[in-house]
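Undergrad: Protein chains in written order, with the UniProt record's numbering: chain S, 1 to 399; chain X, 1 to 399; chain A, 1 to 399; chain C, 1 to 399. I am attaching a structure below and will ask some questions about it afterwards.
Protein chains: 4
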Amino acid sequence: MVGHAFMGAAHSQAWRTVNRVFDLPLRARMVAVAGRDPARVTAAADRLGWTEAVTDWRELVARDDIDLIDICTPGDSHCEIALAALAAGKHVLCEKPLANTLDEARAMAAAADMARLHGVRAMAGFNYRRVPAVAYLRQLVAAGRLGEIRHVRAVYLQDWIADPQFPLVWRLQRERAGSGALGDLGAHIIDLTQHLTGQLISGVSALTETFVRERPLPADASGLSASAGADSGQTGPVTVDDAAVFLARLSGGGLATYEATRFATGRKNALRVELNGSRGSAVFDLERLNELEFHDTTAPEPERGFTRILVTEPTHPYLSAWWPPGHIIGYEHSFTHEIRDLVEAVATGADPEPSFTDALRVQGVLDAVERSAAADAAWTPVPDAAVQPSATPTGGSTR
Amino acid sequence: MVGHAFMGAAHSQAWRTVNRVFDLPLRARMVAVAGRDPARVTAAADRLGWTEAVTDWRELVARDDIDLIDICTPGDSHCEIALAALAAGKHVLCEKPLANTLDEARAMAAAADMARLHGVRAMAGFNYRRVPAVAYLRQLVAAGRLGEIRHVRAVYLQDWIADPQFPLVWRLQRERAGSGALGDLGAHIIDLTQHLTGQLISGVSALTETFVRERPLPADASGLSASAGADSGQTGPVTVDDAAVFLARLSGGGLATYEATRFATGRKNALRVELNGSRGSAVFDLERLNELEFHDTTAPEPERGFTRILVTEPTHPYLSAWWPPGHIIGYEHSFTHEIRDLVEAVATGADPEPSFTDALRVQGVLDAVERSAAADAAWTPVPDAAVQPSATPTGGSTR
Amino acid sequence: MVGHAFMGAAHSQAWRTVNRVFDLPLRARMVAVAGRDPARVTAAADRLGWTEAVTDWRELVARDDIDLIDICTPGDSHCEIALAALAAGKHVLCEKPLANTLDEARAMAAAADMARLHGVRAMAGFNYRRVPAVAYLRQLVAAGRLGEIRHVRAVYLQDWIADPQFPLVWRLQRERAGSGALGDLGAHIIDLTQHLTGQLISGVSALTETFVRERPLPADASGLSASAGADSGQTGPVTVDDAAVFLARLSGGGLATYEATRFATGRKNALRVELNGSRGSAVFDLERLNELEFHDTTAPEPERGFTRILVTEPTHPYLSAWWPPGHIIGYEHSFTHEIRDLVEAVATGADPEPSFTDALRVQGVLDAVERSAAADAAWTPVPDAAVQPSATPTGGSTR
Amino acid sequence: MVGHAFMGAAHSQAWRTVNRVFDLPLRARMVAVAGRDPARVTAAADRLGWTEAVTDWRELVARDDIDLIDICTPGDSHCEIALAALAAGKHVLCEKPLANTLDEARAMAAAADMARLHGVRAMAGFNYRRVPAVAYLRQLVAAGRLGEIRHVRAVYLQDWIADPQFPLVWRLQRERAGSGALGDLGAHIIDLTQHLTGQLISGVSALTETFVRERPLPADASGLSASAGADSGQTGPVTVDDAAVFLARLSGGGLATYEATRFATGRKNALRVELNGSRGSAVFDLERLNELEFHDTTAPEPERGFTRILVTEPTHPYLSAWWPPGHIIGYEHSFTHEIRDLVEAVATGADPEPSFTDALRVQGVLDAVERSAAADAAWTPVPDAAVQPSATPTGGSTR
């Protein structure tokens, strides 16, 4: 694993747990973690359960006893690490967004396609696909239960930087993070809705905004939470968006609205998706990730409504391995499921999803959003929209 | 009253009730209702409580014993009736949207401004402003409790024409209705959010869609529900939008998203508005119109959350006249409150809100949305956006 | 109508509205209202829409131009008025609880049975049976959709006297009100659950409590809200229960819990009922009275859940007469529906429900609860429990 | 650890995780697991992460390299194992309910008191105390934010045996399980409400019921889920309760209702507690365990309501160690927190809570409930109710 901050901790919990809960043909060994600061990476290895700590990720790529590289660093280093790992024949799991630029993403997808010819697997870390309620909704859509999708309504709302005194962490700097709420949060809802509908976004019209343009410099620039450098009194410019909103058309003819923001006061992690189709509708909310609301228009009229399904039954994806019905799971389980599917794909020689090409498609939308926003919301087609994603429902493998 | 279909029934219930519940300086007499079909209008008068029935609205305008004209017809006749009534010195209540075109709306606003000089009052029927939870939220915003508004998220979702076999009623014909979901539903959320924030929409980027372009001709074209002319097998073209989505910027710097649709399967009357500000947030849902969710960031951190306020206390707007706390009210009460405020304004010589100018501002946004949608979502400024609406909070008069 | 306080206002709204909304074979005329205070009753008649005001209810009973007496007084006068009215051949609608004592209730039920032989109708005012969601749930239970009922969970929670400074209004005095939360709130959930399940409560084990035993005397003892006689500083004893809880067994073998309280801080009008049966479950909450949650165990396992049905469709009881789907109704509509059914019963010569005998059965449970509470929660059978109520589902007449 | 079924798996996940997430003065080593079946226990050790597997729990007690015994077996073996472990100087964590009989529980509490004198710690496994929302609510109550508690409303609803064909697993046999829903589910809500209020239940009036008295014998009698021995067609008697309901009085004067059932169709794991106090109210639901609803009567009247607090902030108990706000945790985390607190108590020489005496108090209530139910709901005081539990709020140690 490369990187050991928030994402590194979440992935480590998943690597430690996956074979304890799921029956898999391979057992994962947590060989080594890489980080730049020797003291920190050593402490992280000890804490998170990695046998060794190294200070250069190239060491991991060079070792024979490592089969898979899990990339948990900020987006500016994804491309270099992934290309090196794939070239060395290592399977790769790469956190989202795939890269900071469309060019990097294209290079990564091409490298993954090449590596695949040699049996090397690459997976992008859109972990929310593996929330059971999401996986189950994908099954419902794939089975035609929503009919033709007319509306997608997707928001990802947080509020952790609404306070103007929150410091200028790396996620607010374009050169590290690529973009702001758009790439961090927007990427998730773009991938999720393309995955759920089995359709691509064909064009967008977008606005972005940076509400707070200057912030205190942090004492320590790592991670989500950071204490402001109150002593210094120094400030720096925010170079990413605080919020992004966009309209879209889907390849299947539906209308969609998207919003990603870090200024939705009171909303902590509110990824919400609603789909309206000709035969039914569904609603998902990440803050209540064990639940799915499903409306079936084929029910008798007086009995119709949104059914709150508690997605914790053994018949739901991933859940036969966990606790009895109603005993809910949490955020971190999405990573355990992601890694479960990755390990199974590696073991069986299948291609894991989402592929780097799927992630490239997300990157293409992010890029179109930025271009539209820069051009006064001008309609901006997403290139390659004609290419259908490899969206065979994953239902079979997740039971 | 002119017109006696859905809106006519709702207004009649309000006229019958207003003096029974509220102490007002004037008592309303329900003199006469006008409708084209003699049998129908006679039955309607008898049913709805109007003393007389007439077949030409001009009769109402001409009579001396009538002081106020309540216009409940489709949008294509609003302008002619309102201009005549105002010219005759009658106070006017006009259902929304104010008109089918921006030109008509401009003429009506100008006529209202003239009439006002002679003590004649004109009010536009955006009844949802009078839902107590909405009126209370307006008070909270006006008192600065939400701080600077960064985000507005407004949808009005219905599904009554999702079935392609639903017939071609007048609301689906451009010449009668002006537009589809946009004017019918979108007008409400445009007015509501401009009212709640005290800000104007300064520009939009929009998409519209007509999912079902040909429908069976109805046996009887009045009203919302209509049985299809199944015998004939004839169909006709839908000439309005089924759905409209748009992005907007507010005069105060916030970002907004809007969606109006009649294809949101399972959503019956889901007008939902969320505001996120620097000091707090609020959520309103018309299907639970007695409730308001309010998030106050000035509360101690561990106690923060969205508070579900049951807006049924005597300290909330309009409610001291009704039932004890927790005994909820319904949709129709918004009209009773609207007419309560109108009667009080007439009695006291004040200008009721929303004025025709407020309604014109809504019309200006509707027009910009249509132009943007016709131009591939091109950014379209709303003219007159610099003019601030007369949005003094109405809190005082509603207790 | 006799009495013109809270219940009188609610009934008047219903009498004014019923023929404006429903097609009925009879049209109600609001002839006269009776009240002891001449000034007050005159003002009430004018306000509420009654043609005349009288100061003695016996006048109403004596008049030939009055066919029906609507009793809206406190419980201590119900019996005398009802017996006189029935003896005079007047139809009677009597607010709940039927009486303050079991003996009175027995006399009233017997009188109603006698009067019935002469075509005179008597109905008890358990208005919540006429909330559409309740009436629809009754249909579902009657159709076997919940199967065998195993659990009933019923609470009616309010908090309007939680403040010890709230004055000693008549509802807190045993000689006027009969009992406290038990008769006021408990009576509703007893009737509702017996009605919904079609079963009787066969025995109870109960506790009651008076948390605040001494309160300030009110300046004015009428109604729910009263300003304390702060000047005097005088107090008096509370002679009714503040709260009552009891266990029960149903005639069909199920277990039930009941709670009625005026000390549930934050709960304003929280009548909540949950039924669990062998085939399904349902939940109703009066604060969201347009909604019903229904769980159907015959659905495929992964799709099961509680479906939030918005009970506002024309296919739901009473609603074809009102507004389009999703346009919610309020508390007062339950009275309009009650009176609609009463008027229809009178017109068609049918017996309205709930009968005085149904109300007597509620009274029998209230009496058993008080006796159990007085005997340290001793198990107390409800007499006559073997008698099945005349609970044919009312579905047919309410469409 | 002794036992490796459902509870064993949950505890193992907690033991594996506790030092990876929390900074603790001791690091737990997972030495050995005991189980009767050699093949099964070996597989369990491998799967769950225990170094060794043994077939006799006495081996664990006898070993010098084991400091703590975690008892995850059915209730009939708790007493013997715990007494032996404590006598051998091992710290003990014992799953709830503490024992199958009051006598056993008394012996265990006495043994724990003795062991404590030698620095040996004993903790009962009421894991739900460690749900962050519960721990936070305990802090609010302890700080007086709810005032004097008037009402407790506690249910624990499941439905996994509602189907009469569900087989006769050990949990339905008195000799193994002690009781049915009462001991399994009722024990949790008894402990939780005594813990939250800091009060004891002083007496009860109870009913129990076994709806399905004969069930198919299972092919394999372990665990929650079991496939029926369909081949044999044999059945056996259910010897425990399917459901238990009881009224209670609290030592502080409040009224309480309790319900534990496995027949609440559609309810999977619905542990719900509502507290109403003179200053505020709170609601907790285990199916949404990251949320707490809190009503504060000291807020200005129009702003009052139930605030949905997402208990995922770093200022909430246990959560600074986990993910960012809004990234929810699950059922299993309650065990990780329980073991975190146990490890800390062992390391610092403090007494962990709940003690065996706390668990004995739960057992005393369970026993009183059974005696009351056997005596037709007769009022049954709980012995020792005068003894105040050692309920110092645990807020300090959980931050």
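In this text, a Cβ means the ideal position worked out from N, Cα and C, and glycines have one as well. These figures come from a predicted structure and were not determined experimentally.
Determine, for ARG138 of chain S, whether the minimum Cβ-Cβ distance to residues of chain B falls below 7 angstroms.
TA: No chain B is present in this structure, whose protein chains are S, X, A and C.
Undergrad: Examine the Cβ distances between the stretch 144-158 of chain X and the stretch 352-361 of chain X and report whether three or more of them are shorter than 8 angstroms.
TA: no
Undergrad: Using beta carbons (cut-off 7 angstroms, strictly below), is VAL238 of chain A in contact with chain C?
TA: no
Undergrad: Tell me which residues share the same chain as GLU274 of chain X and place their Cβ nearer than 6 angstroms to its Cβ, disregarding the 5 neighbours each side in the sequence.
TA: ARG153, VAL283
Undergrad: Can you check whether the C-beta of GLU287 of chain S is within less than 7 angstroms of a C-beta belonging to chain C?
TA: yes
Undergrad: Can you list, in chain order, the residues of its chain whose CB lies under 6 angstroms from that of THR297 of chain S, leaving out five sequence neighbours each side?
TA: ARG279, GLY280
Undergrad: Please list, in chain order, the residues of the stretch 304-331 of chain A that have any C-beta partner in chain X closer than 7 angstroms.
TA: Correct list: LEU310, THR312, TRP323, PRO324, PRO325, GLY326, HIS327, ILE328, ILE329, GLY330, TYR331.
Undergrad: Of all the options S:THR307, S:GLU301, S:GLU287, which has the alpha carbon lying nearest to the alpha carbon of PHE294 of chain A?
TA: Out of S:THR307, S:GLU301, S:GLU287, the CA that lies nearest to the CA of PHE294 of chain A is found in S:THR307.
Undergrad: In chain order, what residues of the same chain have a beta carbon less than 7 angstroms from the beta carbon of SER334 of chain X, not counting five sequence neighbours either side?
TA: ASN127, TYR128, ARG130, VAL131
Undergrad: Give the list of continuous alpha helix (DSSP H) stretches no shorter than 4 residues that lie fully inside the stretch 13-44 of chain A.
TA: Along the stretch 13-44 of chain A, the alpha helix (DSSP H) does not occur as any fully enclosed run of 4 or more residues.
Undergrad: Does the separation of the CB atoms of ARG262 of chain S and ASP242 of chain S fall below 7 angstroms?
TA: yes
Undergrad: Please work out which residues of its chain come closer than 6 angstroms, Cβ to Cβ, to PRO25 of chain A, disregarding the five sequence neighbours upstream and downstream, and give them in chain order.
TA: ALA347
Undergrad: Taking ILE339 of chain C as part of the alpha helix (DSSP H), name the residues at either end of that continuous run.
TA: 333-348
Undergrad: Under 7 angstroms Cβ-Cβ, which residues of chain C neighbour ASP376 of chain A?
TA: TRP379
Undergrad: Can you tell which of X:ALA162, X:LEU192, X:LEU250 has its C-alpha closest to the C-alpha of GLU214 of chain X?
TA: X:ALA162
Undergrad: Taking only beta-carbon atoms, is MET1 of chain S less than 7 angstroms away from chain C?
TA: no
Undergrad: Between ARG27 of chain X and chain A, is there a C-beta pair that is closer than 7 angstroms?
TA: no
Undergrad: Mapping the DSSP letters down to three states, classify CYS79 of chain A as helix, strand or coil.
TA: helix
Undergrad: Could you tell me which chain X residues have their CB closer than 7 angstroms to the CB of GLU301 of chain C, listed as they occur along the chain?
TA: GLU313, THR315
Undergrad: Considering only residues of the same chain and omitting the five flanking positions on each side of ALA9 of chain X, which have a CB-CB separation below 7 angstroms?
TA: Cβ within range, chain order: LEU48.
Undergrad: Any C-beta of chain C sitting closer than 7 angstroms to the C-beta of VAL382 of chain S?
TA: Closer than 7 angstroms: no.
Undergrad: Do ALA260 of chain C and GLY203 of chain C come within 7 angstroms of each other at the CB atom, strictly closer than that value?
TA: No, the pair does not count as a contact, with Cβ atoms beyond the cut-off.
Undergrad: Can you name, in chain order, every residue of its own chain whose Cβ lies under 7 angstroms from the Cβ of LEU168 of chain C, other than the five neighbours on each side?
TA: ARG215, PRO216, LEU217, PRO218, GLY236, VAL238
Undergrad: Measuring straight from C-alpha to C-alpha, what distance separates SER320 of chain X and ALA109 of chain C?
TA: 58 angstroms
Undergrad: Are any of the Cβ atoms in chain X nearer than 7 angstroms to that of GLY186 of chain S?
TA: no
Undergrad: Going along chain A in order, which residues have a C-beta closer than 8 angstroms to the C-beta of PHE294 of chain S?
TA: GLU303, GLY305
Undergrad: So GLY49 of chain S contacts chain C; which residues on that side make the cut at Cβ distance below 8 angstroms?
TA: ARG20
Undergrad: With LYS90 of chain A and GLY125 of chain A assumed to form a contact (beta carbons below 8 angstroms), what rounded beta-carbon distance in angstroms separates them?
TA: LYS90 of chain A to GLY125 of chain A, Cβ: 16 angstroms. No contact.
Undergrad: Three or more C-beta pairs under 8 angstroms: does that hold for the stretch 310-325 of chain A against the stretch 175-192 of chain A?
TA: no
Undergrad: So, with DSSP's three-state summary, where would you put ARG106 of chain S?
TA: helix
Undergrad: For LYS96 of chain C, decide whether its Cβ has a neighbour in chain S, counting only Cβ atoms nearer than 7 angstroms.
TA: no
Undergrad: Can you find a CB in chain S that lies within less than 7 angstroms of the CB of GLY180 of chain X?
TA: no
Undergrad: Count the other CB atoms, across all protein chains shown, that sit within 10 Å of the CB of GLY144 of chain C; report buried if there are 16 or more and exposed otherwise.
TA: Here GLY144 of chain C is exposed, its C-beta having fewer than 16 other C-beta atoms within 10 Å.
Undergrad: Thinking C-alpha only, which one of A:ILE329, A:PRO302, A:PRO324 is nearest TYR318 of chain S?
TA: A:PRO302
Undergrad: Do you know how far the Cα of ARG249 of chain X is from the Cα of LEU207 of chain S?
TA: Answer to the nearest angstrom: the Cα atoms are 9 angstroms apart.
Undergrad: Does ALA359 of chain A come out as helix, strand or coil in the three-state DSSP assignment?
TA: helix
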